[in-house]
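So for the sequence shown, the numbering used here puts the first residue at 634; every next one is plus one.
No residue lacks a Cβ here, since even glycine has one placed at the ideal position from N, Cα and C.
Only a predicted model underlies this, so the values are computations on that prediction, with no experimental measurement involved.
This report concerns only the one structure given below.
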Amino acid sequence: MIHSHRSLATAVAGAALLAAMTGCGSTGQAQPSAAPSVDPQNKQRQNQAQLATCMKGKGFTYHPIVSAPDIPEEQKKEMSGDYEAMKKHRSKYGFGWAASIVYPNDPGGRMVARTVEGAGDDPNSKVIAGLSKAQREAYFAGMDACMLQMLNKATGRKMTSMQEAAKAQSEMMKQAINRELNGDAHLVELAGQFADCLKGKGFRVTSQQPAEIANSTEEPFRQELSKLGEKPTPEQARPLLAREIKAALDDLECGKDFYAAYRPKLNTVYDQAGVFGGMGMAMAVEE
634 MIHSHRSLAT AVAGAALLAA MTGCGSTGQA QPSAAPSVDP QNKQRQNQAQ
684 LATCMKGKGF TYHPIVSAPD IPEEQKKEMS GDYEAMKKHR SKYGFGWAAS
734 IVYPNDPGGR MVARTVEGAG DDPNSKVIAG LSKAQREAYF AGMDACMLQM
784 LNKATGRKMT SMQEAAKAQS EMMKQAINRE LNGDAHLVEL AGQFADCLKG
834 KGFRVTSQQP AEIANSTEEP FRQELSKLGE KPTPEQARPL LAREIKAALD
884 DLECGKDFYA AYRPKLNTVY DQAGVFGGMG MAMAVEE
């Protein structure tokens, strides 16, 4: 069930919101990129301790998540733009969309389906599993209220919902990406070469901005997967995966130099925003 992972997802999202927005004050303007002035790990512990205290005040148990999930070395290489690691990954998973259906629960996919009982990486899973449906809704509502309270206190804002806070963070991330990636002359040059190669292979390129072209080839496959229905079967997804793998490998050959330069810079933007590496690459879906 999708709620099984909501506590982890909400906690991670809240940590990212706090990290990204704390330095913005009430003006809502993103500050120039710089190395974090505080220890992010220590800040994470403080935020999680506050969340646990707030949830306790609402009558719920919340176990602080004080560190990012361990990421396998091979995945770190793939995320960093290493050509061989990316080729190995894409040879099996393509861009990860159809693979989410063909290989359910495999972390190589872009969506991960889990049940309450199977969500062992979240220390709060057992707590949530023991709640009734009504209690779960109250638990999640309490977490949202606690997160919002912490965000408003940290930023000096008066946001009224987590949706409003997420929208503000999304805008800040767009600003950071536009400044650090789309504004990088070397990446812009590599993106132009990448685009020319893709067009030569028959792919449609709608934008040559670095942050856009990085997702250019995969977006049609995400859209096609959504058209298979709410719960597509592995049999339905396999033909799509085969085509996705071919396209992903073509995309990699064209973007070999681009990804080697782009992905490390993208990871830096995520790190400075407090987003755990890789967490933005997957989402929980109802099983």
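For the alpha helix (DSSP H) containing I846, name the first residue and the last one.
The residue labelled residue 846 in the question sits at position 213 within the sequence shown. Looking at the DSSP string, the run of the alpha helix (DSSP H) that includes I846 is P843 to I846.
Helix, strand or coil: which one does DSSP assign to M806?
Working through the sequence shown from its first residue, we reach residue 806 at position 173. It is helical.
Could you check what DSSP says for M744 in three-state terms: helix, strand or coil?
If you number the sequence shown from 1, residue 744 lands on position 111. It is a strand residue.
Over the uninterrupted alpha helix (DSSP H) stretch that includes Y726, give me the two end residues.
Within the sequence shown, numbered from 1, the residue matching residue 726 stands at position 93. Segment Y716 to Y726, the alpha helix (DSSP H) holding Y726.
In the structure shown, what three-state DSSP assignment does D817 receive?
Start at 1 with the first residue of the sequence shown, and residue 817 comes out as number 184. Coil, per DSSP.
Quick one: Cα of Q677 to Cα of V699, how far?
For the purposes of this step, residue 677 is identified with residue 44 of the sequence shown, where counting begins at 1. For the purposes of this step, residue 699 is identified with residue 66 of the sequence shown, where counting begins at 1. Going by the C-alpha atoms only, they are around 6 angstroms apart.
Who are the Cβ neighbours of A870 in its own chain at under 6 angstroms, not counting the five residues just before and after it?
Position 237 of the sequence shown, counted from the first residue, corresponds to residue 870. Once the five neighbours on either side are set aside, the close Cβ partners of A870 are A731, I734 and V735.
I want to know whether the region 873-881 touches the region 714-733 - three or more CB-CB distances under 8 angstroms.
yes
Tell me which same chain residues have a C-beta within less than 8 angstroms of the C-beta of D817, skipping the five on either side of it?
As a working mapping, residue 817 is identified with position 184 in the sequence shown. So the list reads P843 and K898, once near-sequence residues are dropped.
Is it the case that the Cβ atoms of L820 and Y903 are separated by a distance below 8 angstroms?
Residue numbering aside, residue 820 sits at position 187 when the sequence shown is read from its first letter. Residue numbering aside, residue 903 sits at position 270 when the sequence shown is read from its first letter. No.
In chain order, what residues of the same chain have a beta carbon less than 6 angstroms from the beta carbon of F836, not counting five sequence neighbours either side?
Taking the first residue of the sequence shown as position 1, residue 836 is located at position 203. So the list reads T850, once near-sequence residues are dropped.
Given this structure, state the Cα-to-Cα distance separating A906 from A893, to the nearest angstrom.
Reading the sequence shown from its first residue, position 273 is the one you call residue 906. Reading the sequence shown from its first residue, position 260 is the one you call residue 893. Cα to Cα, A906 sits roughly 21 angstroms from A893.
Extent of the continuous alpha helix (DSSP H) run through K889:
Reading the sequence shown from its first residue, position 256 is the one you call residue 889. Unbroken alpha helix (DSSP H) run through K889: P867 to Q905.
Assigned exposure category for D739 - 16 Cβ within 10 Å defines buried:
Here residue 739 refers to the residue found at position 106 when the sequence shown is read from its first residue. Per the 10 Å Cβ criterion, exposed.
Quick one: grab the DSSP three-state call for G862.
Working through the sequence shown from its first residue, we reach residue 862 at position 229. Reduced to three states, the DSSP call for G862 is coil.
Going by DSSP, what residue range makes up the alpha helix (DSSP H) through Y695?
As a working note, residue 695 is residue 62 in the sequence shown. Counting along the chain, Y695 falls outside any alpha helix (DSSP H), and DSSP gives it neither H nor E.
Alpha carbon to alpha carbon, how far is H722 from E711?
Here the question's residue 722 lines up with position 89 in the sequence shown. Here the question's residue 711 lines up with position 78 in the sequence shown. Cα-Cα distance, rounded: 7 angstroms.
Inter-residue Cα distance where the pair is K860 and A682
Your numbering for residue 860 matches position 227 in the sequence shown. Your numbering for residue 682 matches position 49 in the sequence shown. Straight-line Cα distance between these residues: approximately 42 angstroms.
G742 versus H696, A828 and L858, residue with shortest Cα-Cα distance
By 1-based counting over the sequence shown, the position of residue 742 is 109. Considering only alpha carbons, the answer is L858.
So F693 packs on G825, CB below 8 angstroms; how close in whole Å?
Taking the first residue of the sequence shown as position 1, residue 693 is located at position 60. Taking the first residue of the sequence shown as position 1, residue 825 is located at position 192. With a Cβ gap of about 52 angstroms, F693 and G825 do not count as contacting.
What separation, rounded to the nearest whole angstrom, lies between the Cα atoms of L831 and E886?
Taking the first residue of the sequence shown as 1, we reach residue 831 at position 198. Taking the first residue of the sequence shown as 1, we reach residue 886 at position 253. In a straight line, the C-alpha of L831 is about 9 angstroms away from that of E886.
Can you look up L684 in the DSSP assignment and give me helix, strand or coil?
As a position in the sequence shown, residue 684 is number 51, starting the count at 1. L684: helix per DSSP, three-state reduction.
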